[in-house]
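Asks: I'd like to ask some things about the structure below.
Protein chains: 2
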Amino acid sequence: MAVYTDITEQELGAFLREYDIGELLSYKGIAEGTENSNFLLHTTTTSFILTLYEKRVDPGDLPFFLGLMEHLAKRGVTCPLPVERNDGTLIGEVAGRPAAIITFLEGMWPRRPTAVHCRAVGEALAKLHIAGADFGMTRPNALSLEGWKTLWAGCHERADEVEPGLVAEVEADLSAISSAWPSSLPAGVIHADLFPDNVFFLGNELSGLIDFYFACNDLLVYDVATCLNAWCFERDHAFNITKATALLAGYQSVRPLQQEEVEALPLLCRGSALRFMLTRLYDWLNGPDGAMVQKRDPLEYVRKMRFHRQIRSANEYGLVQQ
Amino acid sequence: MAVYTDITEQELGAFLREYDIGELLSYKGIAEGTENSNFLLHTTTTSFILTLYEKRVDPGDLPFFLGLMEHLAKRGVTCPLPVERNDGTLIGEVAGRPAAIITFLEGMWPRRPTAVHCRAVGEALAKLHIAGADFGMTRPNALSLEGWKTLWAGCHERADEVEPGLVAEVEADLSAISSAWPSSLPAGVIHADLFPDNVFFLGNELSGLIDFYFACNDLLVYDVATCLNAWCFERDHAFNITKATALLAGYQSVRPLQQEEVEALPLLCRGSALRFMLTRLYDWLNGPDGAMVQKRDPLEYVRKMRFHRQIRSANEYGLVQQ
Chain A
1 MAVYTDITEQ ELGAFLREYD IGELLSYKGI AEGTENSNFL LHTTTTSFIL TLYEKRVDPG
61 DLPFFLGLME HLAKRGVTCP LPVERNDGTL IGEVAGRPAA IITFLEGMWP RRPTAVHCRA
121 VGEALAKLHI AGADFGMTRP NALSLEGWKT LWAGCHERAD EVEPGLVAEV EADLSAISSA
181 WPSSLPAGVI HADLFPDNVF FLGNELSGLI DFYFACNDLL VYDVATCLNA WCFERDHAFN
241 ITKATALLAG YQSVRPLQQE EVEALPLLCR GSALRFMLTR LYDWLNGPDG AMVQKRDPLE
301 YVRKMRFHRQ IRSANEYGLV QQ
Chain B
1 MAVYTDITEQ ELGAFLREYD IGELLSYKGI AEGTENSNFL LHTTTTSFIL TLYEKRVDPG
61 DLPFFLGLME HLAKRGVTCP LPVERNDGTL IGEVAGRPAA IITFLEGMWP RRPTAVHCRA
121 VGEALAKLHI AGADFGMTRP NALSLEGWKT LWAGCHERAD EVEPGLVAEV EADLSAISSA
181 WPSSLPAGVI HADLFPDNVF FLGNELSGLI DFYFACNDLL VYDVATCLNA WCFERDHAFN
241 ITKATALLAG YQSVRPLQQE EVEALPLLCR GSALRFMLTR LYDWLNGPDG AMVQKRDPLE
301 YVRKMRFHRQ IRSANEYGLV QQ
């Protein structure tokens, strides 16, 4: 969570002249989002989020991300709606960064998710997959097999500093997962980062999904695997099969998994755990000290890699065959 | 700027049951305030700020700070109004910290203050001094002469690491300023931290003052000295006499300075510069590395100490005798 870039009221005023959203009353940097700078704006009409895209986001990807949010919102997936500028475009510039304004979604992300939340997330994920099917743009997943190798090249020399033996463990997993990775499963637009802090609730009702800045085209069930990792482990690292059962049932109530997807699920969970371990490890070893960012422990995901390695079938996740 | 403590929606929900402010719709940690954790709340009625008081704030001082805001708001000084709990009190507890809800003030703090802003701040400061005159509580200034000595004891051993010669320079100033410090000037409630990020504007109109967590009883003109230091130097460290003239004229348009206050102003500016240098130096040397707090450079205030040391009369600040 971070605000990387502060902006002056003059810079913001100039930027807002290109929008028809009322007069600016206040803006506050908010401690959400790990990649970009986010501000909550109040104007004479309502509240908005202003996002400044920092260097990790490729400006060439912004039309995909923002176009996807627009596409999904029109199909009933509650997510922030990018606000059009007076010239009809979605992207401007503030303080030398690409920037966009999106509508503000009320709701709170669950710090301690329950099975009720997990079921709702499963349903919402399946709806997202269906609503994304006719989105006209595509974006490859930069953090799939090839991306993992690049990340690993940037941190394998020091990985054993984080845990002795980690180099051998990761290299074995990279090899095993890559050679077994499926290619013929149903694919489409995935969120790819649907952690609890990207899902808002009002009480037990899911009120919206945010942060589409890892969205891409990939295997749909890989998104399910990422949600299992993000939502169904406790703070003591124990897998919570009640939550996983609820998440999978919620998903299948909207989009039943095919037999091939079910069979691939343990491998995809391993792959997803490896992917998040690698980005965390990379940041752990390479991130700037003292930045306004909380580094996240890669070892949490090493534990998940180990857990999934001993799973023999998706039934062990609590999946009930449809 | 920092959010030190995150809170769960359950903790917040339990806390809010003691208030009559509508249903909670969202809460975001905001990157404002250096001492406490602040959240912007949206409820079904309006917006509020929730502050969790972290360890640097003495809970015994909270009735003074919150009572003062209430007192000033009733006398027309625009500042956040503490929201009463159902039992009539102002202070509760969240996540093990004392916590209060205050009304949300629209407005933006000026990242690049102009002379127009400076004049408005001077006026507002004088109004605050007058409105505070009949406030019934008192709080000594913990960061006056005695407090400086305590701070200095905590960092003098390593001060020369920050700049060679700093130890001798600070000890000479501490001694000179202490022995000449005035005691018979008009005193009362002062804000004591009226930096630009604590003053909100809508356009050129001052819309409110915030952050009363250093407020105390001390010499009124000491508050003027702090504002000169905070508002009237450029980024290249040059003193801007146009801004200072405007600030002093704004102040005197509401509360003319007495002759003794005018004469004491250069010394009080030296003292105020020393006070902020010492807290910055202390944090620079003792603050935790990697905390979500941006450390501020003590040398900026060493330069201000030197500037004021060569001032012979308040006229050099642009003060026009009334």
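First to last, the protein sequences are chains A and B. The UniProt record's numbering puts the first sequence at residues 1 to 322. The UniProt record's numbering puts the second sequence at residues 1 to 322. The C-beta atom is built at its ideal place from N, Cα and C for all residues, glycine as well.
Buried or exposed: which applies to residue 310 of chain B, given that a residue is buried once 16 or more other Cβ atoms fall within 10 Å of its Cβ?
Replies: In the second sequence, the residue the question calls residue 310 of chain B occupies position 310. So residue 310 of chain B ends up on the exposed side.
Asks: Classify residue 262 of chain A as buried or exposed, calling it buried when 16 or more other Cβ atoms lie within 10 Å of its own Cβ.
Replies: Counted from its first residue, the first sequence places residue 262 of chain A at position 262. Buried.
Asks: For the region 24 to 35 of chain A, enumerate the residues whose C-beta is nearer than 7 Å to any C-beta of chain B, in chain order.
Replies: Answer in chain order: 25, 26, 27, 28, 29, 30, 31 and 32.
Asks: State the DSSP-derived secondary structure class of residue 65 of chain A, mapped to helix, strand or coil.
Replies: Your numbering for residue 65 of chain A matches position 65 in the first sequence. Residue state, collapsed to three classes: helix.
Asks: Using the beta-carbon count (16 or more within 10 Å), is residue 161 of chain A buried or exposed?
Replies: Start at 1 with the first residue of the first sequence, and residue 161 of chain A comes out as number 161. It counts as exposed.
Asks: Leaving out the 5 sequence neighbours to the left and right, which residues in its chain are closer than 8 Å to residue 63 of chain A when beta-carbon positions are compared?
Replies: Locating residue 63 of chain A in the first sequence gives position 63, where the first residue counts as 1. Within the same chain, residue 63 of chain A has close Cβ partners 90, 91 and 137.
Asks: Could you work out which residues of chain A lie near residue 17 of chain B, taking near to mean beta carbons separated by less than 7 Å?
Replies: The residue given as residue 17 of chain B occupies position 17 in the second sequence. Within 7 Å Cβ-Cβ: nothing; residue 17 of chain B doesn't reach chain A, min ~14 Å.
Asks: Leaving out five residues on either side along the sequence, give the residues of the same chain with a beta carbon under 7 Å from the beta carbon of residue 264 of chain A.
Replies: Start at 1 with the first residue of the first sequence, and residue 264 of chain A comes out as number 264. Hits under 7 Å: 182, 185 and 221.
Asks: Going by DSSP in three states, residue 103 of chain A sits in which element: helix, strand or coil?
Replies: Position 103 of the first sequence, counted from the start, is the residue given in the question as residue 103 of chain A. In the structure shown, residue 103 of chain A sits in a strand (DSSP, three-state: E or B).
Asks: Cα-Cα, which of A/116, A/38, A/102 and A/7 is closest to residue 46 of chain A?
Replies: The residue given as residue 46 of chain A occupies position 46 in the first sequence. The residue with the shortest Cα to Cα distance from residue 46 of chain A is A/102.
Asks: Checking the sheet assignment: what are the DSSP bridge partners for residue 51 of chain B?
Replies: Along the second sequence, read from residue 1 onward, the residue named residue 51 of chain B stands at position 51. In the DSSP output, where bridge partners are listed per residue, residue 51 of chain B has B/38 and B/100.
Asks: In three-state DSSP terms, what is residue 57 of chain A?
Replies: By 1-based counting over the first sequence, the position of residue 57 of chain A is 57. Reduced to three states, the DSSP call for residue 57 of chain A is coil.
Asks: Where does residue 313 of chain B fall in DSSP's three states?
Replies: Mapped onto the second sequence, residue 313 of chain B falls at position 313. In the structure shown, residue 313 of chain B sits in coil (DSSP, three-state: anything other than H, G, I, E or B).
Asks: From B/10, B/308 and B/76, pick the residue whose C-alpha is nearest to that of residue 209 of chain B; which is it?
Replies: Here residue 209 of chain B refers to the residue found at position 209 when the second sequence is read from its first residue. Residue 209 of chain B has its Cα closest to that of B/76, out of B/10, B/308 and B/76.
Asks: Reducing DSSP to helix, strand and coil, say where residue 135 of chain A ends up.
Replies: For the purposes of this step, residue 135 of chain A is taken as residue 135 along the first sequence, with counting starting at 1. DSSP places residue 135 of chain A in coil when its eight states are reduced to three.
Asks: With DSSP collapsed to three states, give me the class of residue 118 of chain A.
Replies: Here residue 118 of chain A is taken as the residue at index 118 of the first sequence, counted from 1. Correct three-state label for residue 118 of chain A: helix.
Asks: Using a cut-off of 7 Å between C-beta atoms, extract the partners of residue 106 of chain A located in chain B.
Replies: Residue numbering aside, residue 106 of chain A sits at position 106 when the first sequence is read from its first letter. The answer, in chain order, is 25, 26 and 42.
Asks: When you compare only the Cα positions, how much space is there between residue 147 of chain B and residue 97 of chain A?
Replies: Along the second sequence, one-based indexing puts residue 147 of chain B at 147. Along the first sequence, one-based indexing puts residue 97 of chain A at 97. Approximately 43 Å between the Cα atoms of the pair.
Asks: With a cut-off of 8 Å, does the C-beta of residue 9 of chain B fall near any C-beta of chain A?
Replies: As a first step, residue 9 of chain B must be located in the second sequence, where it is residue number 9. It does: the Cβ of residue 9 of chain B has a partner Cβ on chain A nearer than 8 Å.
Asks: For residue 27 of chain A and residue 321 of chain B, what's the separation of their Cα atoms in angstroms?
Replies: Counted from its first residue, the first sequence places residue 27 of chain A at position 27. Counted from its first residue, the second sequence places residue 321 of chain B at position 321. When rounded, the distance between both Cα atoms is 39 Å.
Asks: Among residues of its own chain, excluding the 5 on either side of residue 154 of chain A, which ones have a beta-carbon nearer than 7 Å to its beta-carbon?
Replies: The sequence position of residue 154 of chain A within the first sequence is 154, counting from 1. Hits under 7 Å: 282 and 286.
Asks: Name the chain B residues whose beta carbon is nearer than 9 Å to that of residue 110 of chain A?
Replies: Along the first sequence, one-based indexing puts residue 110 of chain A at 110. In chain order: 8 and 9.
Asks: Contact check, residue 51 of chain B vs residue 99 of chain B under 8 Å by CB: the rounded distance?
Replies: As a position in the second sequence, residue 51 of chain B is number 51, starting the count at 1. As a position in the second sequence, residue 99 of chain B is number 99, starting the count at 1. Their Cβ separation, rounded to whole angstroms, is 6 Å, which keeps residue 51 of chain B and residue 99 of chain B in contact under 8 Å.
Asks: So, helix, strand or coil for residue 19 of chain B, using DSSP?
Replies: Translated into the one-based positions of the second sequence, residue 19 of chain B becomes position 19. Of the three classes helix, strand and coil, the one that applies to residue 19 of chain B here is coil, per DSSP.
Asks: Determine the direct distance from the alpha carbon of residue 305 of chain A to that of residue 280 of chain A, and round the result to whole angstroms.
Replies: To locate residue 280 of chain A, count along the first sequence from 1; it is residue 280. To locate residue 305 of chain A, count along the first sequence from 1; it is residue 305. About 13 Å.
Asks: Going along chain B in order, which residues have a C-beta closer than 8 Å to the C-beta of residue 202 of chain A?
Replies: Along the first sequence, one-based indexing puts residue 202 of chain A at 202. Near residue 202 of chain A (Cβ distances below 8 Å), the residues of chain B are 25.
Asks: My guess is that residue 197 of chain A and residue 284 of chain A are in contact by the Cβ rule of under 8 Å, so how many angstroms apart are they, rounded?
Replies: Position 197 of the first sequence, counting from 1, holds the residue named residue 197 of chain A. Position 284 of the first sequence, counting from 1, holds the residue named residue 284 of chain A. 19 Å between Cβ atoms; not a contact.
Asks: Once the 5 residues before and after residue 232 of chain B are set aside, which same chain residues still bring their CB inside 7 Å of it?
Replies: Within the second sequence, numbered from 1, the residue matching residue 232 of chain B stands at position 232. Within the same chain, residue 232 of chain B has close Cβ partners 118, 239, 240, 243, 244 and 247.
Asks: I'd like the span of the beta strand (DSSP E) that includes residue 207 of chain A, first residue to last.
Replies: Taking the first sequence and counting its residues from 1, one reaches residue 207 of chain A at position 207. Residue 207 of chain A -> beta strand (DSSP E) spans 205 to 209.
Asks: Decide if residue 180 of chain A is buried, meaning its Cβ has at least 16 other Cβ atoms within 10 Å, or exposed.
Replies: Within the first sequence, residue 180 of chain A is the residue found at index 180, counting from 1. When all chains shown are included, residue 180 of chain A counts as exposed.
Asks: Which first and last residues belong to the beta strand (DSSP E) in which residue 187 of chain B is found?
Replies: As a first step, residue 187 of chain B is located in the second sequence; it is residue number 187 there, counting from the start. Note, residue 187 of chain B: beta strand (DSSP E), 187 to 190.
Asks: Tell me, please, which residues DSSP counts as bridged to residue 26 of chain A.
Replies: For the purposes of this step, residue 26 of chain A is taken as residue 26 along the first sequence, with counting starting at 1. Per DSSP, A/42.
Asks: Per DSSP, residue 216 of chain B is paired with what?
Replies: Numbered from 1 along the second sequence, position 216 holds the residue referred to as residue 216 of chain B. Note: residue 216 of chain B sits in a beta bridge opposite B/190.
Asks: Let me check one thing: in DSSP terms, what residues is residue 93 of chain B bridge-paired to?
Replies: For the purposes of this step, residue 93 of chain B is taken as the residue at position 93 of the second sequence. Residue 93 of chain B pairs with B/98.
Asks: Between which residues of its own chain and residue 260 of chain B is the CB-CB distance below 8 Å, once the five residues before and five after are set aside?
Replies: The count along the second sequence starts at 1 and reaches residue 260 of chain B at position 260. So the list reads 182, 184 and 185, once near-sequence residues are dropped.
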